[in-house]
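Participant: Structure provided below as structure tokens; questions to follow.
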Amino acid sequence: MSTGPAAPAKHAELLALATELRPELHRYSARLMGSVIEGEDVVQDTFARAFAALDELKEAPPLRPWLFRIAHNRAMDLLRGRAIRAAEPIDEVPEIVDPDSPDPAELLMRREAVETAVSRFVELPPMQRSVVILKDVLGQSLEETADLLDLTANAVKAHLARGRARLAAINATAVVPPAPRPPSPAVARYVALFNGQDWDGLRAMLTDDARLVQSTYPVRTGAEVKMFFGIYAQYAPVRLAPAWLEGREVIAVYENLQSSKPSYLMWLEWKDGRVSFIRDYRYVRYVVDDAELVLASSHHK
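Position one of the sequence shown corresponds to residue 78 (the numbering used here), numbered consecutively onward.
Following this line, the structure appears as structure tokens:
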């Protein structure tokens with residue numbers, strides 16, 4: 078692989094920017110995907126692609142808008158793959174409120190977008206979704222939004238007006254929250270062993286080729302995964318609780334044993350009754366901020 082002259086300095090700048098920008102990129106990506114878990118997958122992909130691309134660039138672009146563009150394009154690719162993309166014409170748009178106006182109605186629309194559940198954004202067409210998230214949730218300017226999405230300012234205003242109107246209609250429709258469900262026996266056993274600090278029992282639950290992913294750390298496999306529990310043995314005790322998120326079974330992790338809000342999440346995959354994959358979100362705690370989490374019925378508070 079060739080290395081462009083921009084690479085070394087930009088690699089250092091990108092590393093420095095990663096911690097600062099990851100939560101904001103996740104807020105954008107999660108709402109595009111309608112999933113906090115899939116949003117984090119997009120963020121991981123974004124930085125992997127960015128680091129690889131820097132090695133080929135003769136002159137690196139400004140990193141922040143470039144990273145948002147990579148995340149946007151990756152999310153759009155995934156959405157197209159799910160065949161849910163829907164285009165809408167932008168002509169014959171009703172009169173548009175000036176998006177940079179600080180009047181109370183404008184502020185109210187922005188607050189509505191911020192308070193909208195992540196999963197509901199997928200009910201907007203993708204371009205409306207992108208504009209509303211960038212403008213109202215992340216507070217980007219009209220010009221920044223237009224540049225990132227390769228749109229004219231008028232097109233951004235049109236998508237924003239339509240997206241806001243549709244979002245208001247969506248939020249006017251009540252959603253019945255899912256009822257707590259019982260945990261699977263496998264997850265219940267994993268949680269019980271973890272809470273009992275039975276590290277040998279947990280290691281016995283792993284497949285020989287189990288994989289572990291923690292944020293930007295390299296994927297670890299096999300014996301390296303067994304060390305994962307040894308590291309937790311050195312921390313102050315945490316409490317785990319089975320939960321459900323976006324239709325999948327996850328594990329809520331509480332560092333403050335008196336808190337009703339988890340500190341972060343874990344997510345397991347299984348093969349023949351044994352753990353084959355652990356996704357530990359300890360180092361990307363922002364994932365839980367917008368999570369529509371439902372504790373399993375036996376652990377419901």
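All residues carry an ideal CB built from backbone N, CA and C; glycine is no exception.
Taking C-beta to C-beta, are Y341 and R359 nearer than 8 angstroms?
Facilitator: Residue mapping note: residue 341 aligns to position 264 of the sequence shown, counting from 1. Residue mapping note: residue 359 aligns to position 282 of the sequence shown, counting from 1. For Y341 and R359, yes; Cβs fall inside 8 angstroms.
Participant: Since W321 sits in a beta bridge, which residues does DSSP pair it with?
Facilitator: For the purposes of this step, residue 321 is taken as the residue at position 244 of the sequence shown. In DSSP, W321 forms a bridge with E326, V371.
Participant: Please report the distance separating the alpha-carbon of A93 from that of P262.
Facilitator: As a first step, residue 93 is located in the sequence shown; it is residue number 16 there, counting from the start. As a first step, residue 262 is located in the sequence shown; it is residue number 185 there, counting from the start. For A93 and P262, the distance between alpha carbons rounds to 42 angstroms.
Participant: Looking at V327: is its Cβ nearer than 8 angstroms to the Cβ of W321?
Facilitator: The count along the sequence shown starts at 1 and reaches residue 327 at position 250. The count along the sequence shown starts at 1 and reaches residue 321 at position 244. Cβ distance < 8 angstroms, so V327 and W321 count as in contact.
Participant: Would you tell me roughly how many angstroms separate the C-alpha atoms of R162 and L156, rounded to the nearest one?
Facilitator: Within the sequence shown, the letter at position 85 stands for residue 162. Within the sequence shown, the letter at position 79 stands for residue 156. Residue placement at R162 is poorly supported in this model, since its pLDDT is 39, which falls under 50; the coordinates are not used for a value here.
Participant: Among R104, A89, I114, which residue has its Cα nearest to the Cα of E323?
Facilitator: Locating residue 323 in the sequence shown gives position 246, counting from the first residue. Nearest option by C-alpha distance: I114.
Participant: G116 to T229, Cα distance in whole Å?
Facilitator: Position 39 of the sequence shown holds residue 116. Position 152 of the sequence shown holds residue 229. Straight-line Cα distance between these residues: approximately 27 angstroms.
Participant: Beta-carbon separation of T298 and A287 under 8 angstroms?
Facilitator: Residue numbering aside, residue 298 sits at position 221 when the sequence shown is read from its first letter. Residue numbering aside, residue 287 sits at position 210 when the sequence shown is read from its first letter. Yes. Within cutoff.
Participant: Just to confirm my understanding: we take E169, look at its own chain, exclude 5 residues before and 5 after, and list those with CB closer than 6 angstroms. What are they?
Facilitator: Stepping through the sequence shown from its first residue, residue 169 is reached at position 92. Bear in mind that the predicted position of E169 carries a pLDDT of just 41, short of 50, making it too unreliable to give a figure here.
Participant: For the alpha helix (DSSP H) that E115 lies in, which residues bound it at each end?
Facilitator: In the sequence shown, counting from the first residue as 1, residue 115 sits at position 38. That run of the alpha helix (DSSP H) goes 113-131.
Participant: For D286, list the residues DSSP reports as bridge partners.
Facilitator: Taking the first residue of the sequence shown as 1, we reach residue 286 at position 209. Note: D286 sits in no beta bridge, so no partner.
Participant: List the endpoints of the continuous beta strand (DSSP E) containing R356.
Facilitator: For the purposes of this step, residue 356 is taken as residue 279 along the sequence shown, with counting starting at 1. Where R356 is concerned, the enclosing beta strand (DSSP E) stretches over 351-357.
Participant: Please identify the residue among G216, V371, Q274, A130 whose C-alpha is closest to the C-alpha of M186.
Facilitator: The residue given as residue 186 occupies position 109 in the sequence shown. The candidate whose alpha carbon is nearest that of M186 is G216.
Participant: Taking DSSP's pairing of strands, which residues face K348 in a bridge?
Facilitator: Your numbering for residue 348 matches position 271 in the sequence shown. R351.
Participant: Taking just the CA atoms, how far does G278 sit from I147?
Facilitator: Counted from its first residue, the sequence shown places residue 147 at position 70. Counted from its first residue, the sequence shown places residue 278 at position 201. Approximately 42 angstroms, taken between the alpha carbons.
Participant: For K212, is the classification buried or exposed, using 16 other Cβ atoms within 10 angstroms of its Cβ as the cut-off for buried?
Facilitator: Residue 212 sits at position 135 when you count from the first residue of the sequence shown. Buried, since its Cβ has 16 or more Cβ neighbours within 10 Å.
Participant: Would you call the CB atoms of A107 and D367 closer than 8 angstroms?
Facilitator: To locate residue 107, count along the sequence shown from 1; it is residue 30. To locate residue 367, count along the sequence shown from 1; it is residue 290. The answer is yes: Cβ separation under 8 angstroms.
Participant: Here's the rule I'm using: 16 or more other beta-carbon atoms within 10 Å means buried, otherwise exposed. How should M204 be labelled?
Facilitator: Within the sequence shown, the letter at position 127 stands for residue 204. Buried, because 16 or more other Cβ atoms sit within 10 Å of the Cβ of M204.
Participant: When the distance is taken between beta carbons, is P319 closer than 8 angstroms to V365?
Facilitator: Taking the sequence shown and counting its residues from 1, one reaches residue 365 at position 288. Taking the sequence shown and counting its residues from 1, one reaches residue 319 at position 242. Against a cut-off of 8 angstroms, the Cβ pair of P319 and V365 comes out as no contact.
Participant: So that I know if they touch, is there some Cβ in chain C lying closer than 8 angstroms to that of L109?
Facilitator: Going by chain labels, chain C is absent from the structure shown, which holds only one protein chain.
Participant: Would you tell me roughly how many angstroms separate the C-alpha atoms of V233 and L225, rounded to the nearest one?
Facilitator: Walking along the sequence shown from the start, residue 233 turns up at place 156. Walking along the sequence shown from the start, residue 225 turns up at place 148. The straight-line gap from Cα to Cα measures roughly 11 angstroms.
Participant: Quick one: grab the DSSP three-state call for Y294.
Facilitator: Counting from 1 along the sequence shown, the entry for residue 294 is found at position 217. In this structure, Y294 counts as coil in the three-state DSSP scheme.
Participant: How many Å lie between E289 and L334 at the Cα?
Facilitator: Taking the first residue of the sequence shown as 1, we reach residue 289 at position 212. Taking the first residue of the sequence shown as 1, we reach residue 334 at position 257. The amino acid at residue 289 is misidentified as Glu; the sequence shows Leu. Taking the straight line joining both Cα atoms gives about 25 angstroms.
Participant: Looking only at its own chain, which residues have a Cβ that is under 8 angstroms from the Cβ of T250, when we skip the five neighbours before and after it?
Facilitator: Indexing the sequence shown from 1 puts residue 250 at position 173. Counting only Cβ-Cβ distances below 8 angstroms, and skipping sequence neighbours, we find nothing.
Participant: Cα separation between L131 and V302?
Facilitator: Looking up residue 131 in the sequence shown gives position 54. Looking up residue 302 in the sequence shown gives position 225. So the two alpha carbons sit approximately 31 angstroms from each other.
Participant: With a threshold of 16 other CB atoms inside 10 Å of the CB of D357, please say whether the residue is buried or exposed.
Facilitator: The residue given as residue 357 occupies position 280 in the sequence shown. Its Cβ being crowded by 16 or more others within 10 Å, D357 is buried.
Participant: How should E220 be labelled, buried or exposed, when 16 other C-beta atoms within 10 angstroms of its C-beta is the threshold for buried?
Facilitator: Indexing the sequence shown from 1 puts residue 220 at position 143. Under this definition E220 is an exposed residue.
Participant: Between which two residues does the alpha helix (DSSP H) harbouring G240 extend?
Facilitator: What you label residue 240 is simply residue 163 of the sequence shown in a count that begins at 1. Here the alpha helix (DSSP H) through G240 covers 230-248.
Participant: Is it true that the CB of E192 sits closer than 8 angstroms to the CB of I247?
Facilitator: Within the sequence shown, residue 247 is the residue found at index 170, counting from 1. Within the sequence shown, residue 192 is the residue found at index 115, counting from 1. No, they are not a contact pair.
Participant: Which residue or residues does DSSP assign as beta-bridge partners of R316?
Facilitator: Within the sequence shown, residue 316 is the residue found at index 239, counting from 1. Beta-bridge pairing links R316 to Y331.
Participant: How would you label A152, buried or exposed, when you count the other beta carbons within 10 angstroms and need 16 or more for buried?
Facilitator: Along the sequence shown, read from residue 1 onward, the residue named residue 152 stands at position 75. Result: buried.
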